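Before any comments, here is the structure.
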Amino acid sequence: MLNWIESRTGFVSMAKDFLTEDIPGGASYWYVFGSATIFAMSVQIVTGIFLTFFYAPSATTAWESTRAIYLNPFTHFLISIHYWGASAMIALVFLHMLQVLIWGAYKSPRELQWIVGVILLVVTLVLGLTGYLLPWDMNAYFASQVALNITGTAPIAGPLIQNIAQGGGVMGTNTINRFFGLHVWLMPAALVALVGAHLAIFRHNGPAGPISEDPRTLKPGRFWPDQMFMDGFISFLIFLVIVALAIFSPPFLDAKADPTNSTFVAYPAWYFLFLFEALDLTPPAFQLLTTIVGPTLGLIVIILLPWLDRSTTRSIASRKGVIWATIIVVAGIITLSTMAQLRIQHEQSLAGPAESQAQILAAAEPAAAAETTGSAAATGGAAAGGADLAHGQQVFSQNCSSCHGANGQGQAMVAPPLAGNPMVTGDPKAVIGVLVNGLHGQTIMGQSYAAQMPAWKGQLSTKDIADVISYIRGGLGTNKAAPVKESDIK
Ligand code: HEC
């Protein structure tokens with residue numbers, strides 16, 4: 005079988021070739037950062053693809069669909085993994101880069117591998133930045149607004165780039181669509197292609213190995229099985245950490261973006277905190293230096309590093325300048341990030357107590373809720389036929405409106421409409437069954453929903469259930485079906 009495949013594809017000898025790769029000095033846990041980064045990238049690709057099954061990019065559905073993702077336990081786990089996987093990937097990219105810097109592994113003949121690596125860092129950061137906007141909550145909106153406005157201040161092309169990225173003069177559905185396209189398609193495609201190039205060049209030059217005056221004296225090791233085991237083991241540990249964080253510290257979905265809010269304290273992703281703080285410390289007249297000129301120059305210096313570092317060996321002693329510069333930059337980034345973190349926490353505490361995640365997820369659209377409370381109660385009584393519709397309405401606004409909407413109009417992706425829904429006004433036995441036992445996974449009026457209809461038996465009294473059913477059948481919208489009695493429920 006293997007021979008058959010080999011003679012037609014050459015895959016078997018390619019795999020052998022790959023696995024028997026020489027590792028100067030033998031396998032080591034020092035070499036796991038690159039493969040661990042690729043592992044984190046794979047986690048992001050898999051979870052990201054699944055999230056696109058549930059996410060709907062537009063100003064009226066982005067937050068709503070994200071909320072639905074949070075309300076369903078499976079998709080909530082998925083988005084939490086994606087959230088922590090992103091942090092893991094960026095942290096690993098930084099560590100990988102730091103190691104190459106300290107070991108001088110960017111030196112000839114690995115200049116191109118280094119440059120592709122720097123571009124990969126930029127692509128990863130753009131992925132982080134574009135993903136940050138997609139939930140379209142308060143924080144996503146205002147943090148992205150900062151980034152977009154900074155882009156707009158760049159000389160010459162800035163306003164044009166901002167207009168293209170934003171999809172017009174203000175942030176809205178077009179912005180979400182631009183960021184979505186960049187985040188799920190263009191940047192991942194670039195990432196995968198560049199990782200391919202990075203690995204192909206790596207294969208061509210071989211691993212740099214430990215710093216050594218005479219590399220010929222290093223005893224060669226093999227990729228398989230020792231290095232493969234170490235890579236796999238560390239990736240597995242990283243996965244466990246991501247899963248634990250996803251379970252015990254899931255991300256926070258803030259209230260839906262409200263562009264009119266002027267007091268909200270935006271919080272950037274942790275890997276941009278240092279820039280955020282640097283910007284805050286710069287006097288307004290010089291902000292262009294911090295936001296555009298500094299980062300651009302920094303990037304150019306990093307790209308040119310193989311030519312700026314003129315030492316002939318990789319030894320740390322002969323590269324004191326690079327090592328000191330690295331230490332100072334890393335210490336600076338950590339200090340600025342800590343300052344930003346403390347400042348934001350302080351500002352948030354001044355802003356007053358925040359709503360809890362449960363409160364935010366339970367809140368229906370506030371405007372709609374206010375508008376109906378009166379009218380439905382007023383019309384309810386007349387059609388009551390003995391059932392207590394006013395009480396049913398109360399039960400509804402407390403238990404049902406957060407998902408089904410204050411008017412029973414439903415919510416895209418979350419829960420179906422109950423007003424104008426023939427199932428609700430149809431066979432009362434079926435409605436009672438759904439209320440008592442809950443429901444999930446149905447296609448209702450052509451749509452499916454991520455949230456679960458809870459089982460209300462034990463949560464609500466029999467009277468509550470009878471009254472709320474009478475209300476949704478006879479008080480919501482144009483629904484005019486007969487009420488049910490407590491005895492029907494039993
Ligand atoms: C956590 C969100 C949530 C809450 C709260 C909730 N529902 Fe539902 N409800 C749903 C979802 C989601 C469905 C669709 C289930 C499916 O996809 O199979 C549903 C379905 C229904 C249906 C069946 C509709 C159909 O066409 O089959 C009825 C009736 C209903 N809900 C009534 C209520 C009532 C009354 C309450 C309050 C006592 C309530 N729901 C509270 C989410 C919710």
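Residues 5 to 494, numbered by our numbering, are exactly what the sequence shown covers, in order.
Using N, Cα and C, we set each Cβ at its ideal position, and we do this for glycine too.
Predicted model, so just to flag it, every value in this text is computed and none were measured.
Beta-bridge partners of residue i, as assigned by DSSP
i    : result
Q170 : Paired residue(s): none; Q170 is not in a bridge.
K461 : L464
T447 : S452
P28  : P224
A419 : Q415
D141 : K260
Neighbourhood of residue i by C-beta, 7 Å cutoff - its chain only, sequence neighbours within 5 removed
i    : result
P192 : I49
S474 : A391, L393, G396, P487, V488
Q413 : P421, A423
F54  : L82
M234 : A31, Y33, V36
H80  : I73, Y74, P254
S84  : A250, P254, P255
G378 : Annotation note: pLDDT 40 at G378 (below 50); position unreliable, coordinate value reported separately. If we look at G378 and ignore the five residues flanking it on each side, it has no Cβ neighbours.
S315 : S322, R323
Closest residue to residue i among the options (Cα-Cα distance)
i    : options                : result
L105 : P224, D141, R323, R347 : R323
A60  : E490, T177, L277       : T177
F155 : L292, L241, A454, S39  : Residue identity check: residue 155 is Thr in the sequence provided, not Phe. When only C-alpha atoms are compared, the closest one is L292.
Q345 : D258, T317, W274, A321 : W274
K461 : A485, I476, I493, T295 : I493
M142 : A454, L257, L309, N7   : L257
G481 : K433, V428, I168       : V428
G298 : A270, S266, V333, I320 : V333
Q361 : L133, K433, R71, V196  : R71
H202 : I42, F57, I165         : I42
A399 : L354, Y453, D471       : At residue 399 the sequence reads Val, which differs from the Ala that was named. Of the listed residues, the one whose Cα sits closest to V399 is D471.
Buried versus exposed call for residue i [16 or more other C-beta atoms within 10 Å across all chains shown]
i    : result
E359 : exposed
K260 : buried
W118 : buried
Q231 : buried
S17  : exposed
L301 : exposed
L312 : exposed
M449 : exposed
L124 : buried
N2   : The displayed coordinates of the chain run from 5 to 494. Any statement about residue 2 would go beyond what the structure contains.
M5   : exposed
K496 : Look at the range of the chain in this structure, 5 to 494, and you will see that residue 496 is not part of it.
I331 : exposed
D431 : exposed
P139 : buried
V495 : Residue 495 cannot be examined here, being either before or after the span of the chain that is shown, 5 to 494.
N483 : buried
H100 : buried
W189 : exposed
W88  : buried
G336 : exposed
S338 : Per the sequence presented here, residue 338 reads as Ile, with Ser not at that position. Counting Cβ neighbours within 10 Å, I338 comes out exposed, since fewer than 16 surround it.
L23  : exposed
G46  : Reading off the sequence shown, one finds Ser at residue 46, where the question assumed Gly. By the 10 Å Cβ count, S46 comes out exposed.
Neighbourhood of residue i by C-beta distance below 6 Å, restricted to the same chain and skipping five residues each side
i    : result
P272 : A147, F280
A373 : With a pLDDT of 40 at A373, under the threshold of 50, the modelled position of that residue is not reliable, and the figure given next carries that caveat. Correct list, in chain order: A410.
T383 : At T383, the pLDDT of 42 sits below 50, so the modelled position is not reliable; the number obtained from the coordinates is stated separately. So no residue of the chain qualifies.
S319 : I215
D26  : P224
S341 : L277, F278
Cβ shell of residue i (< 8 Å), same chain only, five flanking positions each side left out
i    : result
Q103 : W34, F37, A109
L303 : V122, V126
T157 : Q291, L292, T295, I296
T441 : Note that residue 441 is Asn in the sequence shown here, rather than Thr. Counting only Cβ-Cβ distances below 8 Å, and skipping sequence neighbours, we find A459, K461.
V435 : M427, V428, I473, I476, R477, V488
Proximity test, Cβ basis, 8 Å: residue i and chain B
i    : result
I476 : Any reference to chain B falls outside this structure, which holds one protein chain only.
Notebook entry, point to check: Which ranges does the alpha helix (DSSP H) cover as unbroken runs of at least 4 residues, wholly within the stretch 284 to 349, from first to last along the chain?
Noted result: 298 to 312
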